[in-house]
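A.B. asks: Have a look at this one.
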Amino acid sequence: MLSGRNQIGLTGREIAACIRVWELLCRPKQRVLVVTEAARHSSRTRFNEADGKVYLGADVFPGPGVGANHRLSMMACLAHELAHAERAELEFERPLSWPDNLRDEAETSLHASFHPDLSDRDRTDLVEDANERLIEWLAQNRTEVNL
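Just so it is clear: in the sequence shown, position 127 is 594 by my numbering, and no numbers are missing.
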């Protein structure tokens, strides 16, 4: 997630809440949620391609930013990372370099928006996140084409 999100390390209670939500989102197939970095300031919630695990970070909670990504709830953020894991299991080839990684992030947010346990607000925020990332990708792509 991005720097407009929470940067303060998580408390034990917050980590426990994230674990409960993760277990709800993952059912029936449980997946590992690595929490060893979550209490650290500025830690990032992310899917790690190398080990196929999701790492919980301080930025799992929304922050002061104004973009859709910045306001994603903890549940929407975890659903986004779960979508990365699901897409990896389906052997999606992710572009990891700029700006094409923006398309992958947009597709992942759209994938996450279909999770049945999400609220309408979470779905809307994930779709808006995808939209913002695609707009940024288009702007970057046009710049590169015009060079």
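We treat Cβ as the ideally placed atom computed from N, Cα and C, and that holds for glycine.
Treat the numbers as computed from the prediction; the structure is a model and nothing was measured.
#1: Can you give me the C-alpha to C-alpha distance between F559 and L585, rounded to a whole angstrom?
#2: To the nearest whole angstrom, what separates the beta carbons of R472 and P562, a pair I think is in contact under 8 Å?
#3: Measure how close the beta-carbons of L492 and L549 come, nearest whole angstrom, since I'm counting them as under 8 Å.
#4: Once the 5 residues before and after M637 are set aside, which same chain residues still bring their CB inside 7 Å of it?
#5: Note the first and the last residue of the continuous beta strand (DSSP E) segment covering V488.
#6: Could you pull out every residue in the same chain whose Cβ sits closer than 8 Å to the Cβ of C533, ignoring the five residues on either side in sequence?
#7: First and last residue of the beta strand (DSSP E) that includes R561?
#8: What are the uninterrupted segments assigned as beta strand (DSSP E) that are 3 or more residues long and contained completely in the segment 495-570, given in chain order?
#9: Of the choices V521, P566 and N608, whose alpha-carbon is the least far from that of H547?
#10: Should D589 be labelled buried (16 or more other beta-carbon atoms within 10 Å of its own) or exposed?
#11: Near E599, what residues of its chain come up, given a Cβ to Cβ distance below 8 Å and the 5 sequence neighbours on each side ignored?
C.D. replies: Let's see:
#1: 23 Å
#2: With a Cβ gap of about 23 Å, R472 and P562 do not count as contacting.
#3: 5 Å
#4: There is simply no residue 637 to check, as the chain begins at 468 and stops at 614 in what is shown.
#5: It is not in any beta strand (DSSP E) - V488 instead sits in the alpha helix (DSSP H) that spans G479 to C493.
#6: Per the sequence shown, residue 533 should be read as Val rather than Cys. So the qualifying residues of the chain are G471.
#7: Following the DSSP letters along the chain, one finds R561 in no beta strand (DSSP E), marked with neither H nor E.
#8: Whole beta strand (DSSP E) segments, 3+ residues: 513-515 and 520-522.
#9: V521
#10: Under this definition D589 is a buried residue.
#11: G534, A535 and N536
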